[in-house]
Amino acid sequence: MKLFSSVHDVPDVKALVKEALHLKEFPYAFKALGENKTMALVFLNPSLRTRMSTQKAALNLGMNVMVLNMDKEGWALELRDNVIMNGTTVEHIREAAAVMGEYADIIGVRSFPGLKDREEDYSEMIFNKFVQFCGVPVVSLESATRHPLQSLADLITIEELKTKARPKVVLTWAPHIKPLPQAVPNSFAEWMCRGDVDFTIAHPKGYELCADFTQGATITHNQDEALADADFIYVKNWSAYEPYGQILPGNEDWMLTNDRLKITNKAKVMHCLPVRRDLELSSEILDGESSIVVHEAGNRVWAAQAVIKRMLEGL
Amino acid sequence: MKLFSSVHDVPDVKALVKEALHLKEFPYAFKALGENKTMALVFLNPSLRTRMSTQKAALNLGMNVMVLNMDKEGWALELRDNVIMNGTTVEHIREAAAVMGEYADIIGVRSFPGLKDREEDYSEMIFNKFVQFCGVPVVSLESATRHPLQSLADLITIEELKTKARPKVVLTWAPHIKPLPQAVPNSFAEWMCRGDVDFTIAHPKGYELCADFTQGATITHNQDEALADADFIYVKNWSAYEPYGQILPGNEDWMLTNDRLKITNKAKVMHCLPVRRDLELSSEILDGESSIVVHEAGNRVWAAQAVIKRMLEGL
Amino acid sequence: MKLFSSVHDVPDVKALVKEALHLKEFPYAFKALGENKTMALVFLNPSLRTRMSTQKAALNLGMNVMVLNMDKEGWALELRDNVIMNGTTVEHIREAAAVMGEYADIIGVRSFPGLKDREEDYSEMIFNKFVQFCGVPVVSLESATRHPLQSLADLITIEELKTKARPKVVLTWAPHIKPLPQAVPNSFAEWMCRGDVDFTIAHPKGYELCADFTQGATITHNQDEALADADFIYVKNWSAYEPYGQILPGNEDWMLTNDRLKITNKAKVMHCLPVRRDLELSSEILDGESSIVVHEAGNRVWAAQAVIKRMLEGL
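Chains as they are written, first to last, in our numbering: chain F, 8 to 322; chain A, 8 to 322; chain U, 8 to 322.
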């Protein structure tokens, strides 16, 4: 595997999930694989789970890890071509990525969208330029429009905890006070559409996701209809795709509570975290039996480890 | 050992000091103990000695180490329960700590006091919530009211360098221009009260420490009286406990000089560092034969290593 | 080797280059040498290449590495003696360096010049105080007036890619919008003057480097004259040595283009990076066959590894 940026980079989703669960059982079985290999984790935005879980995954595989907080420790990168660099950018991504590729065998990159210009964000310019210029395999640590390691961890979690062959999985929009990217819901949708699940998306009118990610999903504006008989509920806020990056007024009543869960099939509640309590998701759910958010976060290690293992095998 | 937050977490202080000195002699003897184990060091405030010495201690024991500067690289944590998180905090400590516990076998946490609200600081809310929610053993890297790794290193240093069975140890207040926490003197006091030393605390009127930490100590406002025949002098500024967090006017003459040392028993001078030269402590002492501050800082490694070793043994 | 701050610390430049190229062929041959040894990399200024390459070099030698971004994670250090520290500096370099020496077997330090006071910058006060007080071997990760790991990597690159016994090497000044240090050109000059090369420096009038670094070089204000028959061209901006730290008006036409390269001997173009495209150096060169800037950056690993290896051997 040379690139892990979306579900389309994975020819055999089931096999990858199975491999991740095997690694969870035997975390150090492939420690020789990464010996003398270096993983660079490049963050243009903050991170907690992704940083720790990916670092741990690489260490489990015997690699050395170098973490670069470019947003804090580095300098501003120029992304555009054909500009005279007489402004505030200090280095072009062409050189920066190529140089990182000299020092690392595999690079992980995190870069959030600006949420101003949809075309620019959905072109994945920053992530794609890293891939183009670094010359080594690249793992997305969340890009402008996708968060594939999160989605793989989500699928692993569902596979691990499901009690029927084909569970009903619901992605439900949740309120927030800040405009958030569509990366997590986009990614979750495209992975679920490839998994052995019945997949429904529920959101208020106006929060339609880009159709490229939701082929095969049932989409509804009726949250209760979606929740009925659900086995897994994935709670997530996102800003509108059209008008891009906006928060639409109202919809505060979309926050999930224990009462709402009654119509589900004792659904387990998921969230990628961080979560704003009692705004996105009620404390009573997060502190109760339904929540599997911490377990889900723990599975980020095995998702990352399965991906990095495949990249190491391909070096 | 599941928790190292104060001297009360240590059933056998002498044995722990002895173990630390043994580790100093054989630093890598237990390198197999930490294999495939991960230590997360979480800093909500800056650090130099604690970060480096604890990282080195964990590496000496064969562990992997992940450093998180939450204050710089992360986001603001919500500490209160029952609040709608529609403000500036991005993640609740309940989730943040629990997730870190998924990735780490042992967690170290640093969190300074606000010095505004004594009750809040002395409740140790932040540190205790980490302990409560992370689900793995926790080492204090200095909390609002204590700095136990420092105090253990101090006791190790005294044990190592003492020339009589029961040396006289003096903690003396020193001037400063900023209000500093009581964590180091609190901690030093409670550890000395458990050690084989004659322990005296000297400070100007108004700088009384909370009595919970000083049971068994001789307390005086007369610095010369305290210094007479002292074998070890621990220099440290702290702000008042009542009125909380305040600096009281005057007392600049409490800074230690070579002249003052004459009445001691060729006392060795200690300080936890960082120290402001010629404000808290004179350059002539720091650059002279009496100072053991750098040696003391070096012993931070063995203090941390003894504690982490016990935690690893209990995993 | 106890100190690596300039070419004068290396008795046998050729042998060191040869050793570096040997390490490039067998990167892990000396992994036992650094077992249980710790390298601390202390940054008072940002870094990308130096941080990653030095970290990788130390890991290749089996060392543990601790990175400290003192400018971001630490606090302000006092450098002057005989001052009462009642201002903004929190710790004196005497204590900070000595304590780091307790935790590290080798220390790397980066500290840029202020470009205000030439005498102060050229006294290398910060770097020299680290050396004086830390008590362990020190590698310069770029100091106020030199960048020796860069220059060693440059010499390695020339040795590796030269097609004649004694190539012509030209250091040519390039335009910039900000005043930059003289560290890279100073260092490059003193290393080239010790290498098996014909060395020419070309710069506009007023950009004369300090003569201490350029003994043996041909110096000209005529760029074309310098470029004629050049085998390697080293492009770099620097601010004036006199008036110190200034940018002189004009000279934008000193930027190198493919057209200018025609009079060279198919010269390879070098730059220490980061480079501002189409201001310091044209995109057409950076994206063309002449540029070896990424390869050059890759060689930073072997330069650092050769130096650290010698220090480890001397411990």
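From the three backbone atoms N, C-alpha and C, an ideal C-beta is built for every residue, glycine too.
Of the residues L122(A), G202(A) and F119(A), the one whose Cα lies closest to the Cα of S158(A) is G202(A).
Contact annotation: the segment 19–29 of chain U does not touch the segment 52–61 of chain A, with fewer than three C-beta pairs closer than 8 Å. Taking a Cβ-Cβ threshold of 8 Å, the residues of chain U close to N93(F) are I184, R283 and L286, in chain order.
Between A160(A) and P188(A), the C-beta spacing is not below 8 Å. Between P182(A) and E287(A) a beta carbon distance of about 6 Å is seen, short of the 8 Å cut, so the two are scored as contacting.
Between F33(A) and L68(A), the C-beta spacing is not below 8 Å.
Of the residues assessed, R283(F) falls on the buried side of the cut-off, its CB having 16 or more other CB atoms within 10 angstroms.
Within chain A, E80, G81 and W82 have C-beta atoms less than 7 Å from the C-beta of P53(F), given in sequence order. Following the DSSP letters along the chain, one finds S60(A) inside the alpha helix (DSSP H) bounded by residues R56 to N67. With a 10 Å radius around the Cβ and a threshold of 16 neighbouring Cβ atoms, G223(A) comes out exposed. Annotation for S13(A): R153 and P155 place their beta carbon closer than 6 Å to its own, counting only its chain and skipping 5 residues before and after. Interface flag for S60(A) against chain U is set, since a Cβ pair is found closer than 8 Å. Contact annotation for N71(A) against chain F: K63 and L66 [CB-CB distance below 8 Å, chain order].
Boundaries for V146(U): no alpha helix (DSSP H) harbours it, while the beta strand (DSSP E) harbouring it runs V145 to S147, taken from the DSSP string.
Taking a 10 Å sphere around the C-beta of G257(F), we find fewer than 16 other C-beta atoms and assign the residue as exposed.
Along the segment 92–113 of chain F, going in chain order, the ones with a CB nearer than 9 Å to a CB of chain U are M92, N93, G94, T96, V97, E98, H99, R101, E102, A103, A105, V106, M107, G108, E109, Y110 and A111.
Beyond the five residues adjoining it in sequence on each side, F220(U) comes within less than 7 Å, by CB distance, of N193, A196 and E197 in the same chain, given in chain order.
Excluding sequence positions up to five before and after D266(F), its CB lies less than 8 Å from no other CB in the same chain. Between the alpha carbons of P120(F) and A22(U) lies a gap of roughly 50 Å. The segment 163–177 of chain A makes no contact with the segment 73–89 of chain A; the number of CB pairs closer than 8 Å stays below 3.
The three-state reading of DSSP puts H99(F) in strand, counting E and B together.
Taking the Cα of S246(F) as reference, the smallest distance to any Cα among L48(F), D238(F), P281(F) and H210(F) is reached at H210(F). T164(F) counts as buried, since at least 16 other C-beta atoms from the protein chains shown sit within 10 angstroms of its C-beta. Neighbours of V308(F) across chain A, judged by C-beta separation under 8 Å: E109 and Y110. Apart from the 5 residues on each side of it in sequence, I270(F) sits with its Cβ closer than 7 Å to the Cβ of D231, L234 and A235 in its chain, given in chain order. For the pair L148(F) and L216(F), the CB atoms are not nearer than the 8 Å cut-off. Short of 6 Å from the beta carbon of C279(A), and not among the five residues preceding or following it, lie these beta carbons of its own chain, in chain order: Q157 and V191. Rounded to the nearest angstrom, the gap between the Cα atoms of I100(A) and E291(F) is 16 Å.
Here the alpha carbons of G94(F) and R117(U) stand approximately 25 Å from one another. Around A103(F), the same chain offers L84 as residues with beta carbons nearer than 6 Å, after the five sequence neighbours per side are excluded. Runs of the beta strand (DSSP E) spanning 3 or more residues and lying entirely within the segment 154–209 of chain A occur at 175–180 and 205–209, in chain order. Classified as exposed, T170(A) has fewer than 16 neighbouring CB atoms from the shown chains inside 10 Å of its CB. For the C-beta of V300(F), the chain A residues within less than 9 Å are, from N- to C-terminus, E102, A105 and V106. A buried status is given to Q62(F), since no fewer than 16 other beta-carbon atoms sit within 10 Å of its beta-carbon. For F239(A), the enclosing beta strand (DSSP E) stretches over residues F239 to K243. For the options M8(U), I113(U), A105(U) and P281(U), the alpha carbon positioned closest to that of N43(U) is the one of I113(U).
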